[in-house]
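Heads up, the thing below is written out as structure tokens.
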Amino acid sequence: MRRSLALACLGVCTLSGLLLCRSSSADDIAERAKKLHFSSIVLDTHDDTTQRFFSKSFDLGKHNPDGHVDIPRMREGGMNAIFFSIWFDGRIMGPPAVQKALDQIDAVHENVLKNSREMVFCRTAEEVRSAHAQGKIAALIGVEGGHMIGNDIRVLRMFGDLGVRYMTLSHFYNDEWADSSTDKPAHNGLTDYGKDIVREMNRQGIMVDISHVSDKTFYDALETSKAPLIASHSSCRALCNHVRDMSDDMIKALAAKGGVIQINYEKSFIDQAYKDASEKVSGGVVANFDQLKKACGDDQECLGLKMAEQERQATAEGRLPHVSWERIIDHIDHVVKRVGAEHVGLGSDFDGATMPEGMEDCSKLPKITEALMRRGYSDDDIRKILGGNTLRVMEQVEKVSRELLSHQ
Ligand SMILES: [Zn+2]
Numbered sequence: 003m004r005r006s007l008a009l010a011c012l013g014v015c016t017l018s019g020l021l022l023c024r025s026s027s028a029d030d031i032a033e034r035a036k037k038l039h040f041s042s043i044v045l046d047t048h049d050d051t052t053q054r055f056f057s058k059s060f061d062l063g064k065h066n067p068d069g070h071v072d073i074p075r076m077r078e079g080g081m082n083a084i085f086f087s088i089w090f091d092g093r094i095m096g097p098p099a100v101q102k103a104l105d106q107i108d109a110v111h112e113n114v115l116k117n118s119r120e121m122v123f124c125r126t127a128e129e130v131r132s133a134h135a136q137g138k139i140a141a142l143i144g145v146e147g148g149h150m151i152g153n154d155i156r157v158l159r160m161f162g163d164l165g166v167r168y169m170t171l172s173h174f175y176n177d178e179w180a181d182s183s184t185d186k187p188a189h190n191g192l193t194d195y196g197k198d199i200v201r202e203m204n205r206q207g208i209m210v211d212i213s214h215v216s217d218k219t220f221y222d223a224l225e226t227s228k229a230p231l232i233a234s235h236s237s238c239r240a241l242c243n244h245v246r247d248m249s250d251d252m253i254k255a256l257a258a259k260g261g262v263i264q265i266n267y268e269k270s271f272i273d274q275a276y277k278d279a280s281e282k283v284s285g286g287v288v289a290n291f292d293q294l295k296k297a298c299g300d301d302q303e304c305l306g307l308k309m310a311e312q313e314r315q316a317t318a319e320g321r322l323p324h325v326s327w328e329r330i331i332d333h334i335d336h337v338v339k340r341v342g343a344e345h346v347g348l349g350s351d352f353d354g355a356t357m358p359e360g361m362e363d364c365s366k367l368p369k370i371t372e373a374l375m376r377r378g379y380s381d382d383d384i385r386k387i388l389g390g391n392t393l394r395v396m397e398q399v400e401k402v403s404r405e406l407l408s409h410q
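FYI, the numbering for the sequence shown is 3 to 410, going by my numbering.
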């Protein structure tokens, strides 16, 4: 009896010791992760916040009650570098497309100037690093869809001058020279003019973004480009079979040329059960977008709010499954297991997509660093994933541009 009591006591003491030990190491990880996260460059390559600049109720400098991104929440989440996306419906082409793109590029510059105490416009990796050293948020521009150059390569050069640092070759619809993943093939990938545009992007130091494009367009761009490519907001097809995501073969080919896939947090791109259910509920991403567009016209804010409301309702009624933010980590891990930690980054699609539970806005980003640390990732690898990899591609793209411009 005494012996069993002693054993029981030993058991309890050892157990409590273990628990103590465990909780102190758990706290240690949380603390280390926080330090690492808030001392790193956390660069998100795709945010649709630009659309909100046209709404009177939105203020980038204040904490807004809705949406995913503003400066106070960026500070809270340690997100200190952002690509503001320039985007509108890919069926608008020609001069009206150029005009709309210029309106949005101007809106980014004006909003950055208005918040110049906190934010600075950046054109190079070095400028992003220097913004970070000064404690400022780096703001960059990506154009989401080749339709915005109005089928005119000279406009691409002007975009470069205005600070555009990547262009997605298409959006949901084919443009004049590139096939989209969500449209019927019309060009067998990139046309000859499309290949000239990729070469000109290399010359201008504009990253070639292959999110949204068809698989054939991706392989054509990969073969044509002298610089590494990015997928600014795509996830892994092996985990969620969506055409907007990349197959393992594509990820390997992208990595072999030094590129980076930046993981998109959109629920229907990261979770198979959600993707299947959303196709039943609304016919999938493109059909749903078209339906909402009929109700909202060109009012992008209305589109975003209606999308969020529709999604909330369908989840509450059980027609759409719950998706945890941890799926984002699964996608990052999938890429790392196939091609290493040098070829993956963050491309949330904040303010343009439906976020998984636990990643309600950019203030939740430190969870990603902590989760990666708990999965045994080194500090070095985590820093690369948070932003270092994208900065490396930017530097390579800048180098290729310098070489091409000096040999003409
Ligand atoms: Zn997109």
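Even glycine gets a Cβ: it sits at the ideal position worked out from N, Cα and C.
Worksheet entry | Distance between beta carbons of HIS149 and ALA99, contact taken as under 8 Å | Counting from 1 along the sequence shown, the entry for residue 99 is found at position 97. Counting from 1 along the sequence shown, the entry for residue 149 is found at position 147. Indeed they touch by this definition, with Cβ atoms about 5 Å apart.
Worksheet entry | Opposing strand residues paired with LEU348 [DSSP bridges] | Sequence index remark: in the sequence shown, residue 348 carries index 346 (1-based). According to DSSP, which records beta bridges pairwise, LEU348 is partnered with ASP46, ILE265.
Worksheet entry | Of the listed residues LYS36, TYR276, ILE73, GLU178, nearest to PRO358 (C-alpha basis) | Taking the first residue of the sequence shown as 1, we reach residue 358 at position 356. When only C-alpha atoms are compared, the closest one is TYR276.
Worksheet item: HIS324: buried (16+ other C-beta within 10 angstroms of its C-beta) or exposed?
Response: The sequence position of residue 324 within the sequence shown is 322, counting from 1. Exposed.
Worksheet entry | Helix, strand or coil at ASP211 according to DSSP, with G and I counted as helix | On the sequence shown, position 209 is the one that residue 211 refers to. ASP211: strand per DSSP, three-state reduction.
Discussion item. With distance defined between alpha-carbon atoms, name the residue in ARG321, ILE331, LEU256, MET375 nearest to ALA35.
Written reply: Your numbering for residue 35 matches position 33 in the sequence shown. Taking only the C-alpha atoms, the option nearest ALA35 is MET375.
Worksheet item: So ASP50 and LEU348 are in contact, right, with Cβ under 8 Å, and what is the actual spacing, rounded?
Response: Here residue 50 refers to the residue found at position 48 of the sequence shown. Here residue 348 refers to the residue found at position 346 of the sequence shown. Wrong, their Cβ atoms sit about 15 Å apart, outside the cutoff.
Discussion item. Can you tell me whether LEU301 sits near ligand 1, meaning its C-beta is under 7 Å from at least one heavy atom of the ligand?
Written reply: As a working note, residue 301 is residue 299 in the sequence shown. Here residue 301 turns out to be Asp, not Leu, going by the sequence shown. Not under cutoff, so the answer is no.
Discussion item. Which residues does DSSP list as the beta-bridge partners of CYS238?
Written reply: Mapped onto the sequence shown, residue 238 falls at position 236. Note: CYS238 sits in a beta bridge opposite MET248.
Worksheet entry | CA-to-CA distance, LEU224 to MET169, given in whole angstroms | Position 167 of the sequence shown, counted from the start, is the residue given in the question as residue 169. Position 222 of the sequence shown, counted from the start, is the residue given in the question as residue 224. The straight-line gap from Cα to Cα measures roughly 14 Å.
Worksheet entry | For ALA188, three-class secondary structure by DSSP | As a working note, residue 188 is residue 186 in the sequence shown. Three-state result, ALA188: coil.
Worksheet item: Under 7 Å from any heavy atom of ligand 3, does the C-beta of ALA257 make it?
Response: As presented, the structure is devoid of ligand 3, carrying ligand 1 as its sole ligands.
Item to complete: Please name the residue or residues paired with LEU142 in a DSSP beta bridge.
Response: Numbered from its first residue, the sequence shown carries residue 142 at position 140. Answer is PHE85.
Item to complete: Using only the heavy atoms of ligand 1, determine whether one of them is closer than 7 Å to the beta carbon of HIS214.
Response: The residue you call residue 214 lines up with position 212 of the sequence shown. Under cutoff, so the answer is yes.
Worksheet entry | Sequence-distant residues of its chain with Cβ nearer than 7 Å to LEU407 (five each side left out) | Translated into the one-based positions of the sequence shown, residue 407 becomes position 405. Correct list, in chain order: ARG205.
Practice prompt. Assign ALA233 to one of three DSSP states: helix, strand, or coil.
Written response: Residue mapping note: residue 233 aligns to position 231 of the sequence shown, counting from 1. If DSSP states are grouped into helix, strand and coil, ALA233 belongs with the strands.
Worksheet item: ILE334: which of ALA316, SER236, ASN243, ASP177 sits nearest, CA to CA?
Response: Within the sequence shown, the letter at position 332 stands for residue 334. Of the listed residues, the one whose Cα sits closest to ILE334 is SER236.
Discussion item. Between ASP351 and ligand 1, is there a pair consisting of the residue's CB and a ligand heavy atom that are separated by less than 7 Å?
Written reply: Locating residue 351 in the sequence shown gives position 349, where the first residue counts as 1. Yes, the beta carbon of ASP351 sits closer than 7 Å to at least one heavy atom of ligand 1.
Worksheet item: Can GLU372 and ILE43 be called in contact, C-beta distance under 8 Å?
Response: By 1-based counting over the sequence shown, the position of residue 372 is 370. By 1-based counting over the sequence shown, the position of residue 43 is 41. The answer is no: Cβ separation not under 8 Å.
Worksheet item: I think SER365 touches GLY79, with their Cβ atoms under 8 Å apart; what is that distance to the nearest whole Å?
Response: For the purposes of this step, residue 365 is taken as the residue at position 363 of the sequence shown. For the purposes of this step, residue 79 is taken as the residue at position 77 of the sequence shown. The pair is a contact, with the Cβ atoms about 4 Å apart (cut-off 8 Å).
Discussion item. Which residue wins for smallest C-alpha separation from THR392, given the options THR317, GLY306, VAL114, MET209?
Written reply: Numbered from 1 along the sequence shown, position 390 holds the residue referred to as residue 392. Residue MET209 is the option with its Cα nearest to THR392.
Worksheet entry | MET361: first and last residue of the uninterrupted beta strand (DSSP E) it sits in | Taking the first residue of the sequence shown as position 1, residue 361 is located at position 359. Note, MET361: premise wrong, no beta strand (DSSP E); not H, not E.
Fill in: Beta bridge counterpart(s) of THR170 as assigned by DSSP
Here residue 170 refers to the residue found at position 168 when the sequence shown is read from its first residue. GLU146, ASP211.
Worksheet item: Between ILE265 and VAL399, what straight-line distance do the alpha-carbon atoms span, to the nearest angstrom?
Response: Against the sequence shown, residue 265 aligns to sequence position 263. Against the sequence shown, residue 399 aligns to sequence position 397. ILE265 and VAL399: Cα-Cα distance of roughly 20 Å.
Worksheet item: Alpha carbon to alpha carbon, what distance is there between ARG239 and ASP251?
Response: Reading the sequence shown from its first residue, position 249 is the one you call residue 251. Reading the sequence shown from its first residue, position 237 is the one you call residue 239. Distance between the alpha carbons of ASP251 and ARG239 is about 10 Å.
Discussion item. So, for VAL262: in the same chain, excluding its five sequence neighbours on each side, which residues have a beta-carbon less than 7 Å away from its beta-carbon?
Written reply: Sequence index remark: in the sequence shown, residue 262 carries index 260 (1-based). Here the set comprises ILE232, HIS345, VAL346, GLY347, ASN391, THR392, VAL395.
Worksheet item: Which residues share a DSSP beta bridge with SER326?
Response: If you number the sequence shown from 1, residue 326 lands on position 324. In DSSP, SER326 forms a bridge with GLU359.
Worksheet item: Comparing alpha-carbon positions, which option in SER172, VAL157, HIS173 lies nearest VAL166?
Response: Here residue 166 refers to the residue found at position 164 when the sequence shown is read from its first residue. If you compare the alpha carbons of SER172, VAL157, HIS173 with that of VAL166, the shortest gap goes to VAL157.
Worksheet item: Roughly how many whole angstroms lie between the Cα atoms of TRP327 and ILE253?
Response: Stepping through the sequence shown from its first residue, residue 327 is reached at position 325. Stepping through the sequence shown from its first residue, residue 253 is reached at position 251. Whole-angstrom Cα-Cα distance: 22 Å.
Practice prompt. Go ahead and pull the three-state DSSP assignment for SER182.
Written response: Position 180 of the sequence shown holds residue 182. In the structure shown, SER182 sits in a strand (DSSP, three-state: E or B).
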